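Novice: Residue numbers (our numbering), protein chains in the order written: chain A, 1 to 510; chain B, 1 to 272. Glycine is no exception: its CB is placed at the ideal position from the N, C-alpha and C atoms. The structure presented is a predicted model; accordingly, all values stated were derived computationally and were not measured.
1. Please classify residue 420 of chain A as buried or exposed, where buried requires at least 16 neighbouring CB atoms within 10 angstroms.
2. Excluding the five sequence neighbours on either side, which residues of its own chain have a C-beta within less than 8 Å of the C-beta of residue 211 of chain B, listed in chain order?
3. Could you pull out every residue in the same chain whose Cβ sits closer than 8 Å to the Cβ of residue 157 of chain B, ignoring the five residues on either side in sequence?
4. Could you check which residue in A:42, A:34, A:83 has the C-alpha nearest to that of residue 12 of chain A?
5. Between the C-alpha atoms of residue 448 of chain A and residue 40 of chain A, what's the straight-line distance to the nearest angstrom?
6. Is the Cβ-Cβ distance between residue 497 of chain A and residue 80 of chain A less than 8 Å?
7. Quick check on the DSSP output: the alpha helix (DSSP H) that includes residue 71 of chain B runs from which residue to which?
8. Give the range of the alpha helix (DSSP H) segment to which residue 93 of chain A is assigned.
9. Helix, strand or coil for residue 119 of chain A per DSSP?
10. When the Cα atoms are used, what is the spatial distance from residue 51 of chain B to residue 279 of chain A?
11. Go to residue 61 of chain A, then tell me how far its beta strand (DSSP E) extends in each direction, as first and last residue.
12. Just mark residue 75 of chain A as buried or exposed, buried being the case when its beta carbon has 16 or more other beta carbons within 10 Å.
13. In chain order, what residues of the same chain have a beta carbon less than 8 Å from the beta carbon of residue 510 of chain A, not counting five sequence neighbours either side?
14. Taking the C-alpha atoms as reference points, what is the distance between residue 110 of chain A and residue 266 of chain B?
15. Have a look at the DSSP bridge pairing and note the partners of residue 332 of chain A.
16. Tell me which same chain residues have a C-beta within less than 6 Å of the C-beta of residue 362 of chain A, skipping the five on either side of it?
17. Whole angstroms is fine: what's the gap from residue 376 of chain A's alpha carbon to residue 382 of chain A's?
18. Answer yes or no: do residue 135 of chain A and residue 272 of chain A have a C-beta to C-beta separation smaller than 8 Å?
19. What is the C-beta distance between residue 190 of chain A and residue 208 of chain A, in whole angstroms, given that I count them as a contact (C-beta under 8 Å)?
20. Please check the pair residue 395 of chain A and residue 351 of chain A, which I expect to be a contact at CB under 8 Å, by giving their CB distance rounded to whole angstroms.
21. Can you list, in chain order, the residues of its chain with a C-beta nearer than 6 Å to that of residue 91 of chain A? Leave out the 5 residues immediately preceding and following it.
22. Skipping 5 residues on each side, what residues in its chain have a beta carbon closer than 8 Å to that of residue 37 of chain A?
23. At 4 residues or longer, and completely inside the region 343-395 of chain A: list those alpha helix (DSSP H) runs for me, N to C.
24. Please list the residues of the region 353-376 of chain A that have a C-beta atom closer than 8 Å to any C-beta atom in chain B, keeping them in chain order.
25. Taking the Cβ atom as the reference point for each residue, do residue 144 of chain A and residue 121 of chain A lie within a distance shorter than 8 Å?
26. Using a Cβ-Cβ cut-off of 6 Å (strictly less than) and excluding sequence neighbours within five positions of residue 148 of chain B, which residues of its own chain qualify?
27. Would residue 164 of chain A and residue 97 of chain A qualify as a contact pair, given that the criterion is a beta-carbon distance under 8 Å?
28. Name the DSSP bridge partner or partners of residue 74 of chain A?
29. So residue 182 of chain A and residue 220 of chain A are supposed to be a Cβ contact under 8 Å. How far apart are they, rounded?
30. Could you please give the first and the last residue of the uninterrupted alpha helix (DSSP H) stretch that includes residue 203 of chain A?
31. Can you tell me whether residue 311 of chain A is buried or exposed? The criterion is at least 16 other CB atoms within 10 Å of its CB, across all chains shown.
32. How about residue 78 of chain B: is its C-beta nearer than 8 Å to some C-beta of chain A?
33. Between the region 404-419 of chain A and the region 470-478 of chain A, are three or more C-beta pairs nearer than 8 Å?
34. For residue 227 of chain A, does the three-state DSSP call read helix, strand or coil?
35. Which residues does DSSP pair with residue 134 of chain A in a beta bridge?
36. So is residue 1 of chain B buried or exposed if we call it buried at 16+ other beta carbons inside 10 Å?
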């Protein structure tokens, strides 16, 4: 079976979702073990894929065996970037799943099987988007990701989460249809949906590559994915959707959905249109970097004004998306900006996962949803507070953590290409992160423990046995944030070795 | 002010879209890129489909073969999208009342308990002679037609999605004519939820079978030994029919689930 690993990564959660839906309604205790088994299988398979990519090279898989001619069937492709992202998705999803284990006593326990079904289907969408090599298949999986996200946001019992979900639904649908229009235009011009095939067609036919159809296709695909990832002027839905949804859903969606959209943008750029788009149109790519700078500034400023922990973290996501989009469009000759963006996708997935898990633990165990509530937290819960500290330091970019290395490569790329404004924004936002997180550290470490700390449970007295289920994934996430930073070398080598160098060869041949 | 911004955004979007129209291939042009491919790329998939579909799959309807075999991986996820829609609407809208709460409210109707069972109290008992009789004639015909569309996807337009919609409509018709209770009596809530999951399971399961014959996922040709067909082509044809059945199950039950939950705001009783 080992030759089918790329497809099993996607299929395991799909079967898991269907089996949970079939048996979970009868016996709710089956849901969690089934979901855990499915995601563990995906995790093992994605390790296998990463191993194969690292030792042998890129891995193509043709669904249905329709290998030739190219583009008749659907191709899956695992290489240096997306195999690592597959692994990151599996890890973050497993952590979020362990965190979200449901108890019988909770008030909407009857619906918990459907929470697990939606959770697993969201994983299917994320895995599928990441591994596919077909432009239309991406759209189908974006649909799955989007529909499950709307459901997971709205499943929260509060009215606010329904409103946020509706906003998210309207904007997300516009984004997805923009992507679809873009793919339609692309198909009209080249007659193929296979990414690698489109790439060769565009490289061989410059008159098609420079036509207005292709330009429009690129614009609409980009607008679509930017809407999906919440880049600056299109970010309005993001903070509400991710902060008002139940923390079980937020732990999965906040770290992954935006990052996978960033990955789609990178894949479309170098896998379909070619990086020439960036280097040959310096005016346009400078404009995109400027938008990214706007995103960084807007995210940081919004984060400064927030007093709610989760909302503050959501605003930081907008800034982080700016890092990655800007890094991708730097267009420096060494492709260090692109490398930094790709590495930052992984780093940010881990950091955001760590911080959101921590915010979830604080909210569930201490009822602490606002900064003031965190007073004296370190003495009450040293492990959770320590893990949050690690995540915060990574977000600021303190050396041994992964956040430092992605900023290092991004700034290196920006210096090479002379985008000084981007560097200023990057450093400025690191400074803002430092202010934000040290403010929290001060409150949490040196603040007074409130008198009524034992009774201020926020109506959720689920300590003891279940607290361990919530804290364990948080600690793992914090450890991974640290490890990804310390062992950044092999990750960077894999990213550069398999993709960035290939791009340079391709663009030199042209 | 907001309307002004929206109008400007729409006009700009439209202008960008129309800007490229000049470069479009002529409508119905047989030599346009989607129809005949582009030099430098591989052979156009459209040409390949038209020339080889019958040889590969013994399915005269090219659309069905492309949908369920060549690009069956997409269709599997389209089916999963439909399942997602059904589950999401259920998870958001469905009002779940526990038995204890129900007793305290003193509702005279034996409504939904914690286990999602629903009452059958309204509907059959009422005197709706004309509608009821018409329904008794139309519903079996509609269902028969639905099965016909599913089964006839191979030689003519049709297949699981269309047939599933017709089948789902027949249950909605029952609900419209005799009350939701009578329709739920025939297709219970726990049944349609399971049926929706089973549909996707059948689709993905048929695809998974080929892995055991050391072939790629969704390669129905691998099933020729299992199905005792002469060649791989007939096995593909049967495989397509199998997945169409799975699609039809999911579509039927999600159609009905959406109607039942949306029309009664998740209460699954009375309504309309």
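Specialist: Answer, in terms of the structure:
1. Residue 420 of chain A sits at position 420 when you count from the first residue of the first chain. The residue is exposed, with fewer than 16 neighbouring Cβ atoms inside 10 Å.
2. By one-based count along the second chain, residue 211 of chain B stands at place 211. Once the five neighbours on either side are set aside, the close Cβ partners of residue 211 of chain B are 217.
3. On the second chain, residue 157 of chain B is found 157 positions in, with the first residue counted as 1. Leaving aside the five residues that flank residue 157 of chain B on each side, the residues in its chain whose CB is nearer than 8 Å to its CB run, in chain order, 61, 63.
4. Start at 1 with the first residue of the first chain, and residue 12 of chain A comes out as number 12. Measuring from the Cα of residue 12 of chain A, the nearest candidate turns out to be A:42.
5. Residue numbering aside, residue 448 of chain A sits at position 448 when the first chain is read from its first letter. Residue numbering aside, residue 40 of chain A sits at position 40 when the first chain is read from its first letter. Distance between the alpha carbons of residue 448 of chain A and residue 40 of chain A: 42 Å.
6. Taking the first residue of the first chain as 1, we reach residue 497 of chain A at position 497. Taking the first residue of the first chain as 1, we reach residue 80 of chain A at position 80. Taking 8 Å as the Cβ cut-off, residue 497 of chain A and residue 80 of chain A qualify as a contacting pair.
7. On the second chain, residue 71 of chain B is found 71 positions in, with the first residue counted as 1. Looking at the DSSP string, residue 71 of chain B is not in any alpha helix (DSSP H), and its letter there is neither H nor E.
8. To locate residue 93 of chain A, count along the first chain from 1; it is residue 93. First-last of the alpha helix (DSSP H) with residue 93 of chain A: 80-99.
9. Position 119 of the first chain, counting from 1, holds the residue named residue 119 of chain A. In the three-state reduction of the DSSP assignment, residue 119 of chain A falls in the helix class.
10. Taking the first residue of the second chain as 1, we reach residue 51 of chain B at position 51. Taking the first residue of the first chain as 1, we reach residue 279 of chain A at position 279. In this structure, the alpha-carbon of residue 51 of chain B lies about 41 Å from that of residue 279 of chain A.
11. As a first step, residue 61 of chain A must be located in the first chain, where it is residue number 61. Residue 61 of chain A -> beta strand (DSSP E) spans 59-63.
12. As a working mapping, residue 75 of chain A is identified with position 75 in the first chain. Its Cβ being crowded by 16 or more others within 10 Å, residue 75 of chain A is buried.
13. Locating residue 510 of chain A in the first chain gives position 510, counting from the first residue. Here the model assigns residue 510 of chain A a pLDDT of 38, short of 50, so the residue's position is not dependable and the matter cannot be decided.
14. Here residue 110 of chain A is taken as the residue at index 110 of the first chain, counted from 1. Here residue 266 of chain B is taken as the residue at index 266 of the second chain, counted from 1. So the alpha carbons of these two residues sit roughly 14 Å apart.
15. Residue 332 of chain A sits at position 332 when you count from the first residue of the first chain. Answer by DSSP bridge pairing: none, since residue 332 of chain A is not bridged.
16. Translated into positions along the first chain, residue 362 of chain A becomes position 362. So the qualifying residues of the chain are 368.
17. In the first chain, residue 376 of chain A corresponds to position 376, counting from 1. In the first chain, residue 382 of chain A corresponds to position 382, counting from 1. Taking the straight line from one Cα to the other gives about 10 Å.
18. Position 135 of the first chain, counting from 1, holds the residue named residue 135 of chain A. Position 272 of the first chain, counting from 1, holds the residue named residue 272 of chain A. Their beta carbons are under 8 Å apart, which means residue 135 of chain A touches residue 272 of chain A by this criterion.
19. Position 190 of the first chain, counted from the first residue, corresponds to residue 190 of chain A. Position 208 of the first chain, counted from the first residue, corresponds to residue 208 of chain A. Indeed, because the Cβ distance is near 7 Å, the residues count as touching under 8 Å.
20. Position 395 of the first chain holds residue 395 of chain A. Position 351 of the first chain holds residue 351 of chain A. Right, the Cβ-Cβ distance comes to about 5 Å (below 8 Å), so this counts as a contact.
21. On the first chain, position 91 is the one that residue 91 of chain A refers to. Nothing meets the Cβ criterion.
22. If you number the first chain from 1, residue 37 of chain A lands on position 37. Excluding sequence neighbours, residue 37 of chain A sits near 16.
23. With a minimum length of 4 residues, the continuous alpha helix (DSSP H) runs that stay inside the region 343-395 of chain A are 377-380.
24. none
25. If you number the first chain from 1, residue 144 of chain A lands on position 144. If you number the first chain from 1, residue 121 of chain A lands on position 121. Yes.
26. Residue mapping note: residue 148 of chain B aligns to position 148 of the second chain, counting from 1. Correct list: empty, nothing qualifies.
27. The residue labelled residue 164 of chain A in the question sits at position 164 within the first chain. The residue labelled residue 97 of chain A in the question sits at position 97 within the first chain. Taking 8 Å as the Cβ cut-off, residue 164 of chain A and residue 97 of chain A do not qualify as a contacting pair.
28. Taking the first chain and counting its residues from 1, one reaches residue 74 of chain A at position 74. According to DSSP, residue 74 of chain A bridges with A:63.
29. Residue numbering aside, residue 182 of chain A sits at position 182 when the first chain is read from its first letter. Residue numbering aside, residue 220 of chain A sits at position 220 when the first chain is read from its first letter. At roughly 4 Å, the Cβ-Cβ gap stays under 8 Å, so residue 182 of chain A and residue 220 of chain A are in contact.
30. Residue numbering aside, residue 203 of chain A sits at position 203 when the first chain is read from its first letter. Segment 195-204, the alpha helix (DSSP H) holding residue 203 of chain A.
31. Residue numbering aside, residue 311 of chain A sits at position 311 when the first chain is read from its first letter. With 16 or more Cβ atoms within 10 Å of its Cβ, residue 311 of chain A is classed as buried.
32. Within the second chain, residue 78 of chain B is the residue found at index 78, counting from 1. Chain A contact via Cβ: present.
33. no
34. Counting from one through the first chain, the residue named residue 227 of chain A turns up at place 227. Three-state result, residue 227 of chain A: helix.
35. Against the first chain, residue 134 of chain A aligns to sequence position 134. The partner list for residue 134 of chain A (beta bridge, DSSP) reads A:194.
36. Within the second chain, residue 1 of chain B is the residue found at index 1, counting from 1. The residue in question, residue 1 of chain B, is exposed, as its Cβ has fewer than 16 Cβ neighbours within 10 Å.
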